[in-house]
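*Asks:*
Numbering (this note's numbering), first residue to last: 1 to 151.
1. Do the CB positions of residue 63 and residue 75 come within less than 8 Å of each other?
2. State yes or no: is the C-beta of residue 143 within less than 8 Å of the C-beta of residue 60?
3. Give the DSSP-derived three-state secondary structure of residue 74 in the structure shown.
4. Of the residues 102, 147, 86, 148, which one's Cα is nearest the Cα of residue 124?
5. Leaving out five residues before and five after residue 130 in sequence, what residues of the same chain have Cβ atoms less than 6 Å from its Cβ?
6. Please report the distance separating the alpha-carbon of residue 25 from that of residue 42.
7. Leaving out five residues before and five after residue 145 in sequence, what residues of the same chain have Cβ atoms less than 6 Å from its Cβ?
8. When burial is assigned at 16 or more other CB atoms within 10 Å of the CB, is residue 40 buried or exposed?
9. Starting from the C-beta of residue 141, find all residues in its chain whose C-beta is less than 7 Å away, skip the five residues before and the five after it, and write them out in chain order.
10. Can you tell which of 118, 107, 66, 77 has the C-alpha that lies nearest to the C-alpha of residue 94?
11. Can you find the residues in the same chain that come closer than 8 Å, C-beta to C-beta, to residue 69, ignoring five residues on each side of it along the sequence?
12. Since residue 37 sits in a beta bridge, which residues does DSSP pair it with?
13. Counting C-beta neighbours from all protein chains within 10 Å, is the total for residue 132 16 or more, i.e. buried, or is it exposed?
14. Using CA coordinates, which residue listed in 104, 90, 97 is at the minimum distance from residue 139?
See below:
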């Protein structure tokens, strides 16, 4: 029996794709401060050659989180509780946002990074949301992409 309904065929392909995909096949961004990836997908860690290199990604993450926490604790009382809880409860989210800030700056430029920062701050509509985006942007430049600090 041949089934030729396009919707059914699409569903079968989707299910087949889901069943074949393994966790090892899921694309992940290399966790290096500076890297090169060739056409075949092979990744070469260039952290030691890049400005500010020599630190491991874990070191950069630790320093980013420490600086974020220190600045959050010294922030005005109106935003302090939200900043402290955001970094305490969701540190991986802040790290990912900082790395994304660097990618946007690197590939789309400063205007796109500022637009992204403003839109993310507007999502919360609060002073603490705006402060969080400013802090992430500033610390991203310091810890993940110091070569872009002048942009």
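Note that the Cβ used here is the ideal one computed from N, Cα and C, for glycine as well.
*Replies:* Well, looking at it:
1. no
2. yes
3. Three-state result, residue 74: coil.
4. 86
5. 121
6. The predicted model places residue 25 with a pLDDT of 44, which falls under 50 and marks its position as unreliable, so this point remains unresolved.
7. 102
8. Around the beta carbon of residue 40, a 10 Å sphere encloses fewer than 16 other beta carbons of the protein chains shown; the residue is thus reported as exposed.
9. 148, 149
10. 66
11. 84, 87, 88
12. Beta-bridge pairing links residue 37 to 43.
13. buried
14. Of the candidates 104, 90, 97, 97 places its Cα closest to the Cα of residue 139.
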